[in-house]
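Going down the list, the protein sequences come from chains A and B. At position 155 of the first sequence the residue is numbered 155 (my numbering), and the sequence of numbers has no breaks. At position 82 of the second sequence the residue is numbered 82 (my numbering), and the sequence of numbers has no breaks. Even glycine gets a Cβ: it sits at the ideal position worked out from N, Cα and C.
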Amino acid sequence: MQKPVFINIKSKIIFVSLFLSITTLFAVSVLSFISADNLLRERVSDQLLSESSGRGAAIRSLIDNRVQQIRLLAANEVIQKGIQQFNENATLDSQQLADYRKEFEIEVESFQRVAGNSVILENVKVIGKNGIVYLSSDPSEEGSDYSANETFKRGTTESFLEFAPVNDQRKAVVAVPIFEHGKIETTAPIGVLVATTDTEAFDEILLNRKGLGATGEVYIVNGNRIMISESRFIENAAFRQVVDTLPVRECFDNGDEINAIYPDYRNIPIVGFSYCARDLGFVLLAEIDEAEIFSPITQLRNAIIAAAVVISGVVVVISLYVSRTITKPITQLMGAVDKISKGDYTHSVKIQSGDEIGQLAMQFDMMRKSVLETNMNLNRLVRERTKDLTDMTNALDATAIVAVTDKDGTITKVNNKFVEISKYSEKELVGQNHRILKSGYHPPEFFDAMWKTISSGKIFEGEIKNKAKDGAHYWVKTTIVPFLDENGQPKQYIAIHNDITNLKNTEEQLQEALARDRANAEIIKMQVEELNKTNEELRQKDKLKDEFLSMASHELKTPLTPIIGWCGALKSNTILGALTPEQRAAVDTIEKNAIKLEKMISDMLDAQKLELNELKFNIGEVDIDKIVRNVQRDFEFIMKEKNIEFTINVQPGLKLRSDEARIMQVLNALLYNSIDFVPKNNGKIELAAKVDDGKIVFGVKDNGPGIPKDKQQFLFKKFYQVDTSLKRKHGGTGLGLAISKGIVTGLGGTIWVDTEEGKGSSFYFSLPRESRNENSHNR
Amino acid sequence: MRILIIDDSADITDLLVKVLTTVGHDVMSSDSGKDGLEMILKEKFDLIFLDIAMPDFSGLEIIDSLVQAGRIKDSPVVLFTASSITDSEVNELIKKGVHSCLRKPVRIETLFEKVQEISQLPAAKS
């Protein structure tokens, strides 16, 4: 920022006041000048124009007038007659001449009388056409030769008036041609009359100074640029003073009249108007000195300058007073501010002034008080915060390893814990770079990243392995906090470490253990893969076994079909004719064994499925009554044949959702089992079914030998036979009960036996009203 | 009734032909799946006993052919098999239009019952 140039208020006020007053004055002056100038010019122009044109016209008419008068004289009969005689007879006798003169004098006298004061004839000459003066008021002139005289020569051609010096007197000389009576202007003139007249009337017009102020004059100049009237400024200027000024040239060269400011014959600037009468051989000039015209303006200027000086003086005095009243309290305020800026807030500011400065001072004093108060509060706060900070620092020092470094990492402060863990003394550490503790464990990129973080003003957190003075390594969990200066650049760093060496060691051990475990896991994985492979092979073998079993079942059942079929055909008597009782018994035996074989095959297949948990169920509506009818039909013959008392005790109308064929299979198994075990005579089998506790309970009771307690637990095992001796009485594969258990369990029920050795056996199974089977493929 | 038996085992076709002819049915047989299919496509039967496992053209292929030809419902087909086809697989075939399934071996009474059941069906539309 540019430092402002010091200008005190006093100077500023004076400067501003002066500037304002003088500017105003100047503006007013300029305006006045312009309007006064315009006004003056206009007035002078009007005046001079009227003077020049008025007087010019007056001169012109005066000349015309005088020429006319003289022409009248020239037309006098006496003069005409006399000159005719003179022309015809140049040498008149003196008597005649005296007579003529007498007459001439009488005529001139009478003319003078008539003309009165309008013209005063001083000299009248009648000149003959040969240029010899014939008659003159001055008789001495008579007889003299005027033939070379300019006035005469011009007078033979026209009438005119010219100003000319006569005996050092300025005179208006009029020359008119004399014509023969009655022949005016048709023939050549017979002579010239030259009259010298006074200039009184002309001077009256020209020398009248009225309206021309102190320096104005009116004069006339002839074609030879010679002044032909008197000057106001130069004595005897007429016919001597050359006037070769602008309007003179304009008139005689171009015939123009002008009005302008130009130097006159005295070479003094004047304002002039011209009246050009070139035809009469003169130009009239009305001129007033420019200096006189503009003298009111000069006076005005002088008045303004005087006023300016006076006003400036007054303004300076007033502004001095005003500035003093303003600056005095400001100076006092400055003194107070100076004290405050030096830290002294105790001096109150007392300025008694009713204006803004007084208010400013008052507010300033209030500000001072509030700053004083704030300062005191701040001091208290700083004391409190310092104490807090000291407490915190003490707490930090007591718990953490702390180091302070400058912005380059040079240690400036360490606490006791730092000294303790690093094994260096404080003296050894301060002034050293923090790198002194570098263990070489971390790659350079680690520290680069750390520096990048903290030097950009961010907090770094990480775990660092350091090396103590004795070469021992220790791990610290580190937080580095950069302290920033006012530009946001780190000026120092506080590193707070916590010893995590034990943690790290444990972690390392854990890592090692984990690595070992990983290796073990790898081995286990390989073994599992091996096992899977073996399993796959086994599964393949199992599949082959399954395929073999189903193939075997098909291949075994197919030949059984014609065997059982033909047995039936033979037994029918109608198809293949009647059999003898022996034949029939033989066919029965064949059929019975074939059916047994078929049943065994089916049981094996079911056992296989049971083992593979592949027993499938076909759940549907099961009508117990229908099952009972089928059982009756299927077992009627065998029961009769074996002489068994078969009773059915089934609650009619029972229905459930289950697998009908499988229930039949279980009942068949249980019934065939009982049939096998009842005594040869008086065998009794009862089939029962009823609802119990929401379930349907089937029972097959027999009066067989019963089952010993120790064997009961194995009853439902596969291939289990109570009697395994080679001489065993009962056949069968030992699969029936195992399959039944599998079926009942699969249908959500339970199967059990109630038996005692010697007291018969009762097999029961209960089924839920509704069976759910996940393996069911039916709906 | 006109009955057709398709089974690759001559022992079985002979038995069924004999038994069913005896009770007065008009029984034809084929021991080849392909020939059997041709016969079914050529003429109408009141009942067809169809074996599944046959070397040249299986019963399942015959059923698929009939289904494709839209002829499966023309004659009631009763599967007559010794294979270990499961009940649910049988149910799938019944959905396709097969009437039912008899599992080998079978008692003659069961066979007669099945013939009796089919004869009581409303006459199939031709």
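Quick check: the Cα distance between methionine 334(A) and isoleucine 304(A), rounded to an integer number of angstroms?
Counting from one through the first sequence, the residue named residue 334(A) turns up at place 334. Counting from one through the first sequence, the residue named residue 304(A) turns up at place 304. Their Cα atoms are separated by approximately 42 Å.
Scan the segment 557 to 568 of chain A for residues whose Cβ lies nearer than 9 Å to a Cβ of chain B and list them as they occur along the chain.
Hits within the stretch, in order: Lys557, Thr558, Pro559, Leu560, Thr561, Pro562, Ile563, Ile564, Gly565, Trp566, Cys567, Gly568.
In terms of alpha-carbon separation, which member of Lys452(A), Phe446(A), Ser456(A) lies closest to glutamate 463(A)?
Working through the first sequence from its first residue, we reach residue 463(A) at position 463. Looking at the Cα atoms, Phe446(A) is the closest of the given residues.
Min CB distance proline 105(B) to chain A below 8 Å:
Start at 1 with the first residue of the second sequence, and residue 105(B) comes out as number 105. Closer than 8 Å: yes.
Span of the beta strand (DSSP E) around cysteine 101(B):
Against the second sequence, residue 101(B) aligns to sequence position 101. Start and end: 100 to 103.
In the DSSP assignment, find the unbroken beta strand (DSSP E) run with arginine 301(A) in it and report its ends.
In the first sequence, the residue the question calls residue 301(A) occupies position 301. Bounds of any beta strand (DSSP E) do not take in arginine 301(A); it lies within the alpha helix (DSSP H) bounded by 295 to 341.
Pairing CB atoms from the segment 327 to 341 of chain A with CB atoms from the segment 352 to 364 of chain A, are three or more of them under 8 Å?
Yes: at least three Cβ pairs fall under 8 Å.
How many Å lie between asparagine 117(A) and threonine 199(A) at the Cα?
In the first sequence, residue 117(A) corresponds to position 117, counting from 1. In the first sequence, residue 199(A) corresponds to position 199, counting from 1. One Cα belongs to asparagine 117(A), the other to threonine 199(A), and the distance between them is close to 11 Å.
CB contact flag (leucine 560(A), proline 105(B), <8 Å):
By 1-based counting over the first sequence, the position of residue 560(A) is 560. By 1-based counting over the second sequence, the position of residue 105(B) is 105. Contact: yes.
Using a threshold of 8 Å, state whether the C-beta atoms of valine 19(B) and isoleucine 575(A) are closer than that.
Here the question's residue 19(B) lines up with position 19 in the second sequence. Here the question's residue 575(A) lines up with position 575 in the first sequence. Closer than 8 Å, so yes.
Could you tell me whether the Cβ of alanine 585(A) comes closer than 8 Å to any Cβ of chain B?
Here residue 585(A) refers to the residue found at position 585 when the first sequence is read from its first residue. At a cut-off of 8 Å, the C-beta of alanine 585(A) has no neighbouring C-beta in chain B.
Taking beta-carbon pairs under 7 Å, can you tell me which members of the segment 597 to 619 of chain A lie near chain B?
Listed in sequence order: Glu598, Leu605, Lys616, Asn618.
What is the DSSP secondary structure of lysine 407(A), reduced to helix, strand or coil?
As a working mapping, residue 407(A) is identified with position 407 in the first sequence. Lysine 407(A): coil per DSSP, three-state reduction.
Buried/exposed call for proline 443(A), threshold 16 Cβ in 10 Å
As a first step, residue 443(A) must be located in the first sequence, where it is residue number 443. Exposed, because fewer than 16 other Cβ atoms sit within 10 Å of the Cβ of proline 443(A).
When you compare the CB of alanine 669(A) with every CB in chain B, is at least one pair closer than 8 Å?
Counting from one through the first sequence, the residue named residue 669(A) turns up at place 669. Closer than 8 Å to the CB of alanine 669(A) there is not a single CB belonging to chain B.
Cut-off 7 Å between Cβ atoms - residues of its own chain near aspartate 51(B), not counting five sequence neighbours on either side
The residue given as residue 51(B) occupies position 51 in the second sequence. Answer for aspartate 51(B): Ile6, Asp7, Asp8, Gly59, Phe80, Thr81, listed in chain order.
If the criterion is Cβ atoms closer than 8 Å, does the pair phenylalanine 49(B) and lysine 34(B) meet it?
By one-based count along the second sequence, residue 49(B) stands at place 49. By one-based count along the second sequence, residue 34(B) stands at place 34. It is not a contact, given that the beta carbons lie outside the stated cut-off.
Buried versus exposed, by CB contacts within 10 Å (16 or more), alanine 201(A)
Residue numbering aside, residue 201(A) sits at position 201 when the first sequence is read from its first letter. Looking at its Cβ environment, which holds 16 or more other Cβ atoms inside 10 Å, alanine 201(A) is buried.
Tell me where the alpha helix (DSSP H) around lysine 525(A) begins and ends.
Working through the first sequence from its first residue, we reach residue 525(A) at position 525. For lysine 525(A), the enclosing alpha helix (DSSP H) starts and ends at 501 to 571.
Sorted by chain position, which residues of the same chain lie with C-beta nearer than 8 Å to glutamate 292(A)'s C-beta, five sequence neighbours on each side aside?
Looking up residue 292(A) in the first sequence gives position 292. Taken in chain order, the residues that qualify are Gly213, Ala214, Thr215, Gly216.
Taking 7 Å as the cut-off, is the C-beta of lysine 759(A) nearer than that to any heavy atom in the ligand GTP?
Of ligands this structure carries none, so the ligand GTP is not represented either.
Alanine 55(B) lies in the beta strand (DSSP E); which residues open and close that run?
Counted from its first residue, the second sequence places residue 55(B) at position 55. It should be noted that the sequence gives proline, not alanine, for residue 55(B). Careful: proline 55(B) lies outside any beta strand (DSSP E) and carries neither H nor E.
Same chain only: Cβ atoms within 6 Å of serine 776(A), ignoring 5 sequence neighbours per side:
Residue 776(A) sits at position 776 when you count from the first residue of the first sequence. Residue placement at serine 776(A) is flagged as unreliable, the pLDDT there being 42, under the threshold of 50; the coordinate-derived value follows with that caveat. Excluding positions up to five away in sequence, the list reads Phe617, Ile619.
Is it buried or exposed, glycine 343(A), if we count other Cβ atoms within 10 angstroms and call 16 or more buried?
Start at 1 with the first residue of the first sequence, and residue 343(A) comes out as number 343. Glycine 343(A) should be labelled exposed.
Residue(s) in a DSSP beta bridge with valine 221(A)
The residue labelled residue 221(A) in the question sits at position 221 within the first sequence. Looking at the DSSP assignment, valine 221(A) forms a beta bridge with Met227(A), Val283(A).
Excluding the five sequence neighbours on either side, which residues of its own chain have a C-beta within less than 8 Å of the C-beta of isoleucine 72(B), listed in chain order?
Within the second sequence, the letter at position 72 stands for residue 72(B). Within the same chain, isoleucine 72(B) has close Cβ partners Ile63, Leu66, Lys96, Gly97, Val98.
Could you please give the first and the last residue of the uninterrupted alpha helix (DSSP H) stretch that includes alanine 36(A)?
Mapped onto the first sequence, residue 36(A) falls at position 36. Following the DSSP letters along the chain, one finds alanine 36(A) inside the alpha helix (DSSP H) bounded by residues 9 to 74.
Which runs of the alpha helix (DSSP H) at least 4 residues long sit entirely within the segment 682 to 717 of chain A? Give them in chain order.
As far as the segment 682 to 717 of chain A is concerned, its whole alpha helix (DSSP H) runs of at least 4 residues are 709 to 712.
With distances taken from CA atoms, which of Ile739(A), Ile220(A), Ala607(A), Gly704(A) is nearest leucine 667(A)?
What you label residue 667(A) is simply residue 667 of the first sequence in a count that begins at 1. Of the listed residues, the one whose Cα sits closest to leucine 667(A) is Ile739(A).
Spell out the partners DSSP gives glutamine 169(A) in its beta bridges.
Locating residue 169(A) in the first sequence gives position 169, counting from the first residue. For glutamine 169(A), which the question treats as bridged, DSSP gives the partners Val166(A).
If the criterion is Cβ atoms closer than 8 Å, does the pair isoleucine 624(A) and lysine 655(A) meet it?
The sequence position of residue 624(A) within the first sequence is 624, counting from 1. The sequence position of residue 655(A) within the first sequence is 655, counting from 1. Contact flag set, yes.
Can you pull the chain A residues whose beta carbon is under 7 Å from the beta carbon of alanine 53(B), in chain order?
Reading the second sequence from its first residue, position 53 is the one you call residue 53(B). Here the neighbours are His554.
What's the gap between the Cα of serine 47(B) and the Cα of lysine 701(A)?
If you number the second sequence from 1, residue 47(B) lands on position 47. If you number the first sequence from 1, residue 701(A) lands on position 701. Note on identity: in this sequence residue 47(B) is leucine, with serine being the wrong assignment. About 42 Å.
So who's on the other strand from phenylalanine 483(A), going by DSSP bridges?
Counted from its first residue, the first sequence places residue 483(A) at position 483. According to DSSP, phenylalanine 483(A) bridges with Gln492(A).
Any idea what DSSP makes of proline 768(A), helix, strand or coil?
In the first sequence, counting from the first residue as 1, residue 768(A) sits at position 768. Here proline 768(A) sits in strand by DSSP.
Looking at the unbroken alpha helix (DSSP H) that takes in methionine 664(A), where does it start and where does it end?
For the purposes of this step, residue 664(A) is identified with residue 664 of the first sequence, where counting begins at 1. Per DSSP, methionine 664(A) belongs to the alpha helix (DSSP H) from 660 to 677.
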